[in-house]
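Chains A and B supply the protein sequences, listed in that same order.
Heads up: the first sequence at position 385 corresponds to 385 in full-length UniProt numbering, and the numbers run straight through without jumps.
Heads up: the second sequence at position 164 corresponds to 164 in full-length UniProt numbering, and the numbers run straight through without jumps.
Written below as structure tokens is the structure these notes are about.
Number of protein chains: 2
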Amino acid sequence: MKNNNVGIIGAGLIGSLLGIYLSKKGMDVSIYEKRSDQRKKDKAQEGRSINMALSDRGWKALEKIGLKDKVKDSSIPMYGRRIHDEHGQTTFLSYGKENQAIYSISRSHFNQILIEEAEKEGVNLCFDHRCDHVDIYKNEMYFSLPDGRKLKKVPDVILGADGAYSSLRDAMQKQARFNYKQEYISHGYKELSIPPKDGDFAMDPNALHIWPRGTFMLIALPNPDKSFTCTLFLPFEGEKVCFEKINDEEDLESVFRTYFNDAYRLMPNLNEEFFGNPTSSLITIECYPWVAHKSLLIGDSSHAMVPFYGQGMNCGFEDCFILDGLIEKFGTTSWDLVFEKFQKIRKPDTDAICQLALDNFLEMRDSVANPKFLIRKKIEAKLHELYPEEWIPLYTMVTFTDLSYADAYAQGKLQDEVMDRVMSDPLITQNWQNLDYEDIIHQIETAKLV
Amino acid sequence: MKNNNVGIIGAGLIGSLLGIYLSKKGMDVSIYEKRSDQRKKDKAQEGRSINMALSDRGWKALEKIGLKDKVKDSSIPMYGRRIHDEHGQTTFLSYGKENQAIYSISRSHFNQILIEEAEKEGVNLCFDHRCDHVDIYKNEMYFSLPDGRKLKKVPDVILGADGAYSSLRDAMQKQARFNYKQEYISHGYKELSIPPKDGDFAMDPNALHIWPRGTFMLIALPNPDKSFTCTLFLPFEGEKVCFEKINDEEDLESVFRTYFNDAYRLMPNLNEEFFGNPTSSLITIECYPWVAHKSLLIGDSSHAMVPFYGQGMNCGFEDCFILDGLIEKFGTTSWDLVFEKFQKIRKPDTDAICQLALDNFLEMRDSVANPKFLIRKKIEAKLHELYPEEWIPLYTMVTFTDLSYADAYAQGKLQDEVMDRVMSDPLITQNWQNLDYEDIIHQIETAKLV
Numbered sequence: 001m002k003n004n005n006v007g008i009i010g011a012g013l014i015g016s017l018l019g020i021y022l023s024k025k026g027m028d029v030s031i032y033e034k035r036s037d038q039r040k041k042d043k044a045q046e047g048r049s050i051n052m053a054l055s056d057r058g059w060k061a062l063e064k065i066g067l068k069d070k071v072k073d074s075s076i077p078m079y080g081r082r083i084h085d086e087h088g089q090t091t092f093l094s095y096g097k098e099n100q101a102i103y104s105i106s107r108s109h110f111n112q113i114l115i116e117e118a119e120k121e122g123v124n125l126c127f128d129h130r131c132d133h134v135d136i137y138k139n140e141m142y143f144s145l146p147d148g149r150k151l152k153k154v155p156d157v158i159l160g161a162d163g164a165y166s167s168l169r170d171a172m173q174k175q176a177r178f179n180y181k182q183e184y185i186s187h188g189y190k191e192l193s194i195p196p197k198d199g200d201f202a203m204d205p206n207a208l209h210i211w212p213r214g215t216f217m218l219i220a221l222p223n224p225d226k227s228f229t230c231t232l233f234l235p236f237e238g239e240k241v242c243f244e245k246i247n248d249e250e251d252l253e254s255v256f257r258t259y260f261n262d263a264y265r266l267m268p269n270l271n272e273e274f275f276g277n278p279t280s281s282l283i284t285i286e287c288y289p290w291v292a293h294k295s296l297l298i299g300d301s302s303h304a305m306v307p308f309y310g311q312g313m314n315c316g317f318e319d320c321f322i323l324d325g326l327i328e329k330f331g332t333t334s335w336d337l338v339f340e341k342f343q344k345i346r347k348p349d350t351d352a353i354c355q356l357a358l359d360n361f362l363e364m365r366d367s368v369a370n371p372k373f374l375i376r377k378k379i380e381a382k383l384h385e386l387y388p389e390e391w392i393p394l395y396t397m398v399t400f401t402d403l404s405y406a407d408a409y410a411q412g413k414l415q416d417e418v419m420d421r422v423m424s425d426p427l428i429t430q431n432w433q434n435l436d437y438e439d440i441i442h443q444i445e446t447a448k449l450v
Numbered sequence: 001m002k003n004n005n006v007g008i009i010g011a012g013l014i015g016s017l018l019g020i021y022l023s024k025k026g027m028d029v030s031i032y033e034k035r036s037d038q039r040k041k042d043k044a045q046e047g048r049s050i051n052m053a054l055s056d057r058g059w060k061a062l063e064k065i066g067l068k069d070k071v072k073d074s075s076i077p078m079y080g081r082r083i084h085d086e087h088g089q090t091t092f093l094s095y096g097k098e099n100q101a102i103y104s105i106s107r108s109h110f111n112q113i114l115i116e117e118a119e120k121e122g123v124n125l126c127f128d129h130r131c132d133h134v135d136i137y138k139n140e141m142y143f144s145l146p147d148g149r150k151l152k153k154v155p156d157v158i159l160g161a162d163g164a165y166s167s168l169r170d171a172m173q174k175q176a177r178f179n180y181k182q183e184y185i186s187h188g189y190k191e192l193s194i195p196p197k198d199g200d201f202a203m204d205p206n207a208l209h210i211w212p213r214g215t216f217m218l219i220a221l222p223n224p225d226k227s228f229t230c231t232l233f234l235p236f237e238g239e240k241v242c243f244e245k246i247n248d249e250e251d252l253e254s255v256f257r258t259y260f261n262d263a264y265r266l267m268p269n270l271n272e273e274f275f276g277n278p279t280s281s282l283i284t285i286e287c288y289p290w291v292a293h294k295s296l297l298i299g300d301s302s303h304a305m306v307p308f309y310g311q312g313m314n315c316g317f318e319d320c321f322i323l324d325g326l327i328e329k330f331g332t333t334s335w336d337l338v339f340e341k342f343q344k345i346r347k348p349d350t351d352a353i354c355q356l357a358l359d360n361f362l363e364m365r366d367s368v369a370n371p372k373f374l375i376r377k378k379i380e381a382k383l384h385e386l387y388p389e390e391w392i393p394l395y396t397m398v399t400f401t402d403l404s405y406a407d408a409y410a411q412g413k414l415q416d417e418v419m420d421r422v423m424s425d426p427l428i429t430q431n432w433q434n435l436d437y438e439d440i441i442h443q444i445e446t447a448k449l450v
């Protein structure tokens, strides 16, 4: 077959899944990954990965290639947020209807499943290949190997699944008229953990735990070994609680005892982890075009987002699903057309989810601690129950449907305006169970017509 | 002296001026420039430079080092815009009060003046030094020479005056938490010219000529040799007039005869220039921080802007003036403090002028052709005449004062709101000479209090 020699940069979650997809189409796929094969190591402990939360878009992409059941076995459903206040009291807030859940899975374990599947499908996996440079005009990729050797590869097409610090994007950035933005938020994060207690989960395993504290927060996601992977999000510097001001065990203990006391009692390794693990930063990347000659950016390389909507991986998987659909429609003799359609279709959606991810940080660290916010969520859930087609909460549209992110974003804005009016009733705390739901639905239908 | 060995990347307008400033402070300054010494060539014809328009901020920076008079001799004052309609009829719109002008000067000629002055001041000018890489942690700059030699330089501080495609900024971009945006507008530009006619200027030399045509425009600035340098701004692609659709002499003639007929008759070399000169793109760059260790970005490298406010160079010169003031205040033993203060002071201002430059494109190519816009400008001029302190038109604040760009921007927004109300009178075309000016001033003062 012609035009079927594909080079993918990056064997992360998106690169591996993409390799499986394209290999199943009969293509000759090689994936080049700068890291060593993690399977040859004892344990993949990076100390920087946030646990992944798989949701419907991700599952849909896995289902198409028959991996849904296999992955499900390694994941734990989380049916809602469990919100911890300063006194250790918790409140549970469902993500959707009963049985609707997002699924916690370890990044490294999931990555290994996908890499193994890719190999089974005949993908040529090249570890320890650091991409130094891409010549997008000649379709040449240059790699360095650990022993100092240099290699050049010239596939028919290059797919850059090489993440936020993409080499392929670096090459594109030097081109005329490449729009590009990288923006860090003022917060960083650090991975911590809660080990099993008496052989079992130390907290409810079927929830995403949040300790919202206004300008900062702690979260915890369950693992199959009955531990939790925790992530602490703090401002790097500032007047109040921030990484800059936690310099010794005393500082650390004081912050945790004050703000996260119930979690603190479950974290015997806090000191070692806090001072041993890196403090990582959080970036948003937006760029356009994603295509240059026979190269395409996919996943985080073109649209890295902050992790607060749990959609980074799901969005990257949906990228693969959509690209696969376009290949089915137009064939690989028309890569130009496939790539062009892909970027045109996908760019408004990834812009929308990047923005939603930024917005959701405020909701997670602050709003969820507000009683009025909980009422708002309950009103929306009730509306969705009564009018399942007419009112779908934004979180549900993003997480439990495959409605385009851009459409979900636009509809979410309309619903927010209506809900702002509903919530402006000073007696809403008492009245919320007796609202005129039909009138609210009427408002949203009127708003759509404007 | 300690800490006085300064390496500047780039001998453009900003780099050369900065070299003069720092050399006058007794520092040991070297400037590294990738181009050859233009003075050794017959003529510096790049075919891509927009003529510069020097205004008050630029003059102020030149005056401090005694170069104002010398530069003035090479420049031509432009007292306003001369707007050409499709029929060749022109309207003159003053930039400010009588005698307030911006000054047209050729970029290459101006650059040579500054390079010669820098040499006189003892600056070590190193042409043909292409900066391949900067190690910001070690303060190392790596250069390639035309004969293939590689050089390393390690000054006390590095100043990146290397423009929109800065090598120093490339190095900074790889650092954690460097925010960066590069954004191209949909229009490109091409340099053209109007030669002298019968030994004299072919049009009024003391104006900036504009042919505003809605989505596109032509402009012309006078040169001392009695020619005009013209710049054509068109969308790269689109339905209507755009670069993509001008493919031969016939297309070109049709566009020029239809839209720029009076200019067309003055452009005997149009064909050769249009098809010989490159089509260049227009970029906005914003980033932060500007400082990394002992390195600082200055001028376009940290805040490249589109040319529509004529402030790119003036802003870069003001950068030099402000940096010089901070060195006088804190001394060069405190480079860290000087750099930190510089970026904190300057960033809001450069953000403001980058935005104003984008906004002004619409004004130049579209609004100036609107009779109501001309009335609006006249009302503002009258307000300024009657209340010289209370109402200063935005263009005047930016061009003829050294009020910070951020303050000018904020004040301009307030004034715009008031003027929008004034102009909403459906009979304003008849009534504008009989307005209650005192009431307008009262409105702006009320707005400021909010």
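C-beta: ideal position from N, C-alpha, C; glycine also.
Give the range of the alpha helix (DSSP H) segment to which residue i is assigned.
| i | result |
| --- | --- |
| Leu-386/A | 371-386 |
| Pro-348/B | 335-365 |
| Phe-303/A | The sequence as given places His at residue 303/A; Phe does not occur at that position. 300-303 is the span of the alpha helix (DSSP H), which, as asked, contains His-303/A. |
| Cys-242/B | Cys-242/B -> no alpha helix (DSSP H), and no H or E assigned at all. |
Determine whether the Cβ of residue i lies closer than 9 Å to any Cβ atom of chain A.
| i | result |
| --- | --- |
| Ala-410/B | no |
| Arg-177/B | yes |
| Tyr-180/B | yes |
| Phe-339/B | no |
Which residues mark the beginning and the end of the beta strand (DSSP E) in which residue i is found?
| i | result |
| --- | --- |
| Gly-19/A | Careful: Gly-19/A lies outside any beta strand (DSSP E), inside the alpha helix (DSSP H) at 13-24. |
| Pro-212/A | 208-212 |
| Ala-220/B | 217-222 |
| Lys-150/A | 150-153 |
Is residue i close to chain B? Criterion is C-beta to C-beta, closer than 9 Å.
| i | result |
| --- | --- |
| Glu-46/A | Bear in mind that the predicted position of Glu-46/A carries a pLDDT of just 48, short of 50, making it unreliable; the figure below should be weighed with that in mind. It does not; no Cβ of chain B falls within 9 Å. |
| Glu-183/A | yes |
| Gln-173/A | yes |
| Ser-281/A | yes |
When the Cα of residue i is compared with those of the options, which residue comes out closest?
| i | options | result |
| --- | --- | --- |
| Asp-28/B | Val-123/B, Gln-343/B and Asp-366/B | Val-123/B |
| Pro-196/A | Phe-400/A, Cys-230/A, Leu-159/A and Arg-213/A | Cys-230/A |
| Gln-430/B | Lys-372/B, Thr-333/B, Lys-448/B and Ala-176/B | Lys-372/B |
| Met-217/B | Ala-207/B, Asp-225/B, Phe-233/B and His-209/B | Phe-233/B |
| Val-154/A | Ser-104/A, Ile-105/A, Ile-115/A and Asn-5/A | Asn-5/A |
| Leu-221/B | Met-203/B, Gly-238/B and Pro-235/B | Met-203/B |
| Asp-162/B | Phe-178/B, Lys-60/B and His-133/B | His-133/B |
| Ala-304/A | Lys-150/A, Arg-376/A and Asp-349/A | Asp-349/A |
| Lys-181/A | Arg-421/B, Ala-61/B, Cys-287/B and Leu-427/B | Cys-287/B |
| Gln-415/A | Trp-432/A, Lys-64/A, Lys-377/A and Phe-143/A | Lys-377/A |
Determine the DSSP secondary structure at residue i, reduced to helix, strand or coil.
| i | result |
| --- | --- |
| Arg-177/A | coil |
| Leu-54/A | strand |
| Arg-265/A | coil |
| Ala-44/B | Residue placement at Ala-44/B is poorly supported in this model, since its pLDDT is 47, which falls under 50; the coordinates are not used for a value here. |
| His-442/A | helix |
| Asn-314/A | helix |
Taking only beta-carbon positions, decide if residue i is within less than 9 Å of chain E.
| i | result |
| --- | --- |
| Phe-236/B | Annotation note: the requested chain E is absent from the structure, which comprises protein chains A and B. |
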